[in-house]
Each structure stands twice: as C-alpha cells, then as structure tokens.
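Those protein sequences? They're chains C and V, same order as listed. Our numbering puts the first residue of the first sequence at 35, with every later residue one more than the last. Our numbering puts the first residue of the second sequence at 35, with every later residue one more than the last. Don't be surprised by glycine CBs; every beta carbon is placed ideally from N, CA and C.
Protein chains: 2
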Amino acid sequence: MNENGRTQSDTKQRILDAAEYLFAHDGYRGTSLRAITGKARVNLAAVNYHFGSKETLLEEVIRRRLLPLNRIRKERIEEVRENARKKGKKPDVKAVLLAFIEPTLLFKESSSEAENFVTFIGRSITDPDDTVRQVFHRFIKPLFHLLFETSCEALPEHPKDLVFWRLHFTIGSLFHTLHICGKFKPDDIVHVKTEMDAKTLVDLIIPYVTAGMRAK
Amino acid sequence: MNENGRTQSDTKQRILDAAEYLFAHDGYRGTSLRAITGKARVNLAAVNYHFGSKETLLEEVIRRRLLPLNRIRKERIEEVRENARKKGKKPDVKAVLLAFIEPTLLFKESSSEAENFVTFIGRSITDPDDTVRQVFHRFIKPLFHLLFETSCEALPEHPKDLVFWRLHFTIGSLFHTLHICGKFKPDDIVHVKTEMDAKTLVDLIIPYVTAGMRAK
DNA sequence: CTTTAATTCAAACAAACGTTTAAATTAAAC
DNA sequence: GTTTAATTTAAACGTTTGTTTGAATTAAAG
Chain C
35 MNENGRTQSD TKQRILDAAE YLFAHDGYRG TSLRAITGKA RVNLAAVNYH FGSKETLLEE
95 VIRRRLLPLN RIRKERIEEV RENARKKGKK PDVKAVLLAF IEPTLLFKES SSEAENFVTF
155 IGRSITDPDD TVRQVFHRFI KPLFHLLFET SCEALPEHPK DLVFWRLHFT IGSLFHTLHI
215 CGKFKPDDIV HVKTEMDAKT LVDLIIPYVT AGMRAK
Chain V
35 MNENGRTQSD TKQRILDAAE YLFAHDGYRG TSLRAITGKA RVNLAAVNYH FGSKETLLEE
95 VIRRRLLPLN RIRKERIEEV RENARKKGKK PDVKAVLLAF IEPTLLFKES SSEAENFVTF
155 IGRSITDPDD TVRQVFHRFI KPLFHLLFET SCEALPEHPK DLVFWRLHFT IGSLFHTLHI
215 CGKFKPDDIV HVKTEMDAKT LVDLIIPYVT AGMRAK
C-alpha cells in the first residue's frame, strides 16, 4: 500500500456493504460471516483479517453511516437552538423535531445502500442482541442529550420528566417508521394505498409527534 | 395420564415459562434450547418431545398470553364502538386508544411472568427473525383491523391513509414503551427520575397519542 | 530484478446449535 | 402384580457458527 492509500483494495468496502444489507435484513445474530463474505464475494477469513471480529465489523458498519448522520442532526438542532437564543425566544418544538427527524428520513434516500442502514436503525433500540443496542446507544447518546435539552427549552411549561417520556414516544414512532419503510407491505395488515418517499413521511410524522409533544 | 389430566407433569409449563423469560431477554434466535431446558431444569429433549420443535414452542409461548390479552382488547374496543353506535355518535378517539392501550400496559402487572412477555411484545414487530414477526402478526392482524376501522369511525374528518399511518406511529410509541419498561434505566441516557407503574404509563402515553391522532 | 510487506486463499479448528435415538424410568390401566 | 403407555434421560447426530492457521498470491519498496 502506498502513502496515500489509493491502491488499497476495496475488500473492506465490499464487506461493509454486504454486512450492512444483511444486518438490516436478517439482524446481527441472524447474519453469518459466511453469508457476508459470500455476498461480498471475498474470502471468509477477510472479515477477521480486516476487522478483527464480527463485533468490530458491526461497529464499523454503524460508525460509517451514523457519524455523518449525527453530525447533520446535531448541526440542525443547534441551529434551531441558536436562532431562538438570538431572538431571545424559546425554540419552536416543531422546528426542533424537524431538525432531528427530517435528516433521519431523508438519509434513506441519500444513497441506495443507506436505505438498508435506516432499516437497521429502526431496530437498533429493541434489537435482541446486547452488542447491537450498546453500540448504537454509545453513538446516539450525546445527540439524544442535545435533543432532550433543546426540547425542554422549547417546552418550559412541561416538567422535564414529561418531555423525556414524550421524546421516547417520538423515538418509538420514528424508529418504527424507519423499520417498516422499504420492506413493509401495508396491504398485509389492512388495505390502504400508500406512497412513501421520505418527504411524504416527514409531512406525515411531524404533525403527529408535534401535537403529541405539545399536548395539554 | 388419566382422563382428566390432573397428573400431567408440569414440564410443559416450566418450559413455557423459561422460554418466555429468555425470549423476552435475549430474543428468539439468541435463546438456545439448552438455555431454556437448563433454566426450566428439564431434559434437553423435552422441548422436542412436548412441542415438536423450537418454532412450535415459540408459537405456544405467544399463544398462551396473546389470546387472552387480545380477547380483552377486542371486547373493550367493541364496547366503545357499540356505546357510540347506541348514542348515534362517533366513537371518541381517546376512548378507542385507551381501550387498546390500557389492557396492554396493565397486562404487564397481571402476573410476574407476564411482564417478560410484554417486553417480548415490544420487540415483536421489529424482531430480526422472520418467524417471530410472522407469528405475532398472525395473532394481532384481526385486532389491528378492528382498531383501524374503529379509529376511522372516530376520525371521519381524516383520510383513511392518514389514520392508518398515525395508528402506526401510535403502535411505534406503545411498543417501544413496552420494550423499555422493566429492564431499561433511563438514567443511562439522560438524568431523569422516573416511576413507572402501568397506570402512570397509561396516563403518560394516552395524552400523547390522542393529540397525535387528532392533530390538525 | 530482488526483497519485503500486504493480502488472499483453502482448510481446519473447537464450540454451539436444533434434533433424533434408544434405553431407562415413571405412571396408568387392567 | 402385570402389562402397557407416557415420560425422562444420556448420548450422539449432522450442521453451522466465529475464528485461526500457514501456505499461496499479489503488490510495494529498494
């Protein structure tokens, strides 16, 4: 490998892409290294050579998408916060929620591979595997703290406990939406025609969660 | 075994209890038959002898709790529906949501073992394992249909598509709540004191989801 | 070209998985 | 008490799992 790394093989990327797809599709535990390396068309030992272990691979899969996404969400929330501070007013709840939710849903359309990852995010909190929950949690914790504090500023009339729980209800709605979009067929449950590009989903969920956060 | 079955061993029940606990804790795929039979203190072969397979065991674990719970939820929703019909008015959204949500959350306290199952429900829609999702889906489909139709009657001013999506947001909030309650430590994410018996949770979530369903 | 490092490869590892078997044990029926 | 059925048991089945190994191959450096 030379000093600028241009000749590095794309084995790592191919593994990351395959793992991302399969983790989203069948879960971390439900995906074997043989399935990953088979889909990526690389040797079985390549995962342990390049990543060390299946767990480290999981961490890299999450890190690759979540760091950029979280940077955007952080900037947007801080922007809402600073704008309100300049005007000497409290932040608007709807703006705060939009700052968090819109980048998340739009991320789904940022690339064809990113869509798989969004499905994976949707299961991250409730994943039966400890490792998955912990890694996701570690990456999202500071952002969630920022979201919480800003939401409290936006809703000073509500006790912090109440804001906390309603944020969790919001997270539940959003993550469930992330998970079902892309592989879900609503007709299976009840017959309703649905078109669901990211922008439409934003317009659907924002009024719901905003009303919920403001309630009473 | 005699004609009234009183002498039947409790092996099946012990397996069901252990499986319920472990499925809720580590997921279906993350739970081995050896872990189940070890916790139940029965022989490894007992699962295949009494249930035929791990998949049939899963189905029995779900059936045992979900049939009674669904019967209650169905009765409560139909009660709201019939009361409104008698008065010649549309059902109240809040009453409809309460009819579905309250029994679900109270079920958590119906017995010490039921709490584990509720955690399992909370992960049922997003479980990485196809089998888990399908079994749960099969049991809940008719009830969800009833909830959908009644919600549409309660919100005639909203298009059915909108009610459908908002019900999914509601399900997302509720199921996420079911999952995090019992093993979740909110302090891990952000420092907030929380007491959460079932009744308190009902009082927390109902205003949120009601406002969300009614929004605009 | 030669040397050296990085990567790929087929093969094997021990461990854990769900399931099956046949003998041993327990309980029921007569 | 004897016979018959139901249940439990220990052991093994064949797969699949994540990981490791050492040789073969490819690319980089001198």
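Chain C residues whose Cβ lies nearer than 7 Å to that of residue i
{"i": "residue 238 of chain V", "result": "199"}
{"i": "residue 107 of chain V", "result": "Neighbours of residue 107 of chain V on chain C: none; closest Cβ ~16 Å, over 7 Å."}
Proximal residues to residue i (C-beta, below 7 Å), its chain only, five neighbours per side dropped
{"i": "residue 38 of chain C", "result": "In this predicted model, residue 38 of chain C has a pLDDT of only 34, less than 50, meaning its place in the structure is not dependable; the value taken from the coordinates is given anyway. Excluding sequence neighbours, residue 38 of chain C sits near nothing in its chain."}
{"i": "residue 69 of chain V", "result": "56"}
{"i": "residue 230 of chain C", "result": "215"}
{"i": "residue 189 of chain V", "result": "127, 197, 247"}
{"i": "residue 95 of chain V", "result": "50, 53, 54, 57"}
{"i": "residue 163 of chain C", "result": "62, 63"}
{"i": "residue 112 of chain V", "result": "none"}
Alpha-carbon spacing of residue i relative to residue j, whole angstroms
{"i": "residue 52 of chain V", "j": "residue 250 of chain C", "result": "42 Å"}
{"i": "residue 57 of chain C", "j": "residue 49 of chain C", "result": "12 Å"}
{"i": "residue 78 of chain C", "j": "residue 135 of chain C", "result": "38 Å"}
{"i": "residue 152 of chain V", "j": "residue 139 of chain V", "result": "8 Å"}
{"i": "residue 97 of chain V", "j": "residue 207 of chain C", "result": "26 Å"}
{"i": "residue 191 of chain V", "j": "residue 115 of chain V", "result": "17 Å"}
{"i": "residue 196 of chain V", "j": "residue 238 of chain C", "result": "8 Å"}
{"i": "residue 174 of chain C", "j": "residue 183 of chain C", "result": "14 Å"}
{"i": "residue 232 of chain C", "j": "residue 86 of chain V", "result": "44 Å"}
{"i": "residue 119 of chain V", "j": "residue 178 of chain V", "result": "20 Å"}
{"i": "residue 243 of chain C", "j": "residue 82 of chain C", "result": "43 Å"}
{"i": "residue 122 of chain V", "j": "residue 181 of chain V", "result": "19 Å"}
{"i": "residue 117 of chain C", "j": "residue 129 of chain C", "result": "11 Å"}
{"i": "residue 199 of chain C", "j": "residue 72 of chain C", "result": "43 Å"}
{"i": "residue 41 of chain V", "j": "residue 92 of chain V", "result": "Model confidence at residue 41 of chain V stands at a pLDDT of 43, short of 50, so the residue's coordinates are unreliable and nothing is read from them."}
{"i": "residue 220 of chain V", "j": "residue 176 of chain C", "result": "Annotation note: pLDDT 45 at residue 220 of chain V (below 50); position unreliable, no value reported."}
{"i": "residue 154 of chain V", "j": "residue 47 of chain C", "result": "35 Å"}
{"i": "residue 43 of chain V", "j": "residue 66 of chain C", "result": "39 Å"}
{"i": "residue 150 of chain V", "j": "residue 59 of chain V", "result": "8 Å"}
{"i": "residue 202 of chain V", "j": "residue 201 of chain C", "result": "17 Å"}
{"i": "residue 252 of chain V", "j": "residue 131 of chain C", "result": "Any question about residue 252 of chain V goes unanswered here, given that chain V covers just 35 to 250."}
Beta-carbon gap between residue i and residue j smaller than 8 Å
{"i": "residue 148 of chain V", "j": "residue 141 of chain V", "result": "yes"}
{"i": "residue 245 of chain V", "j": "residue 245 of chain C", "result": "yes"}
{"i": "residue 89 of chain V", "j": "residue 204 of chain V", "result": "no"}
{"i": "residue 209 of chain C", "j": "residue 159 of chain C", "result": "yes"}
{"i": "residue 161 of chain V", "j": "residue 61 of chain V", "result": "yes"}
{"i": "residue 167 of chain C", "j": "residue 64 of chain V", "result": "no"}
{"i": "residue 156 of chain V", "j": "residue 101 of chain V", "result": "no"}
{"i": "residue 187 of chain C", "j": "residue 124 of chain C", "result": "yes"}
Outcome for residue i when other beta-carbon atoms lying within 10 angstroms are tallied against a minimum of 16
{"i": "residue 234 of chain V", "result": "exposed"}
{"i": "residue 99 of chain V", "result": "buried"}
{"i": "residue 145 of chain C", "result": "exposed"}
{"i": "residue 172 of chain C", "result": "exposed"}
8 Å CB neighbourhood of residue i in its chain, flanking five on each side removed
{"i": "residue 137 of chain C", "result": "103, 106, 107, 110"}
{"i": "residue 316 of chain V", "result": "In this structure chain V extends from 35 to 250, so residue 316 of chain V is not present and cannot be described."}
{"i": "residue 218 of chain V", "result": "Only weak support exists for where residue 218 of chain V lies, its pLDDT of 45 falling under 50; the value from the coordinates is given anyway. Here the set comprises nothing."}
Proximal residues of chain V, C-beta to C-beta of residue i below 8 Å
{"i": "residue 128 of chain C", "result": "Ordered by position in chain V, no residue passes the 8 Å Cβ test against residue 128 of chain C, which lies about 11 Å from the chain."}
{"i": "residue 63 of chain C", "result": "61, 63, 64, 162"}
Chain-ordered neighbours of residue i on chain V, where CB pairs are closer than 7 Å
{"i": "residue 242 of chain C", "result": "200, 203, 246, 249"}
Neighbour list for residue i in chain V, Cβ cutoff strictly below 9 Å
{"i": "residue 209 of chain C", "result": "160, 206, 210"}
{"i": "residue 60 of chain C", "result": "162, 163, 164"}
{"i": "residue 72 of chain C", "result": "The contacting residues do not exist; residue 72 of chain C stays about 19 Å from chain V at best."}
Contacting residues, own chain, Cβ-Cβ under 6 Å from residue i (five flanking each side not counted)
{"i": "residue 170 of chain C", "result": "158"}
{"i": "residue 143 of chain V", "result": "232"}
{"i": "residue 194 of chain V", "result": "186"}
{"i": "residue 236 of chain V", "result": "136, 139"}
8 Å Cβ cut-off: residues of chain C touching residue i
{"i": "residue 75 of chain V", "result": "By Cβ distance, chain C contributes nothing, its closest Cβ being about 24 Å from residue 75 of chain V, past 8 Å."}
{"i": "residue 156 of chain V", "result": "160"}
Proximal chain C residues relative to residue i, where beta-carbon distance stays under 9 Å
{"i": "residue 213 of chain V", "result": "159, 160, 206"}
Residue i: CB within 7 Å of a non-hydrogen atom of the ligand ADP
{"i": "residue 47 of chain C", "result": "Looking at this structure, you won't find the ligand ADP or any other ligand, since it has none at all."}
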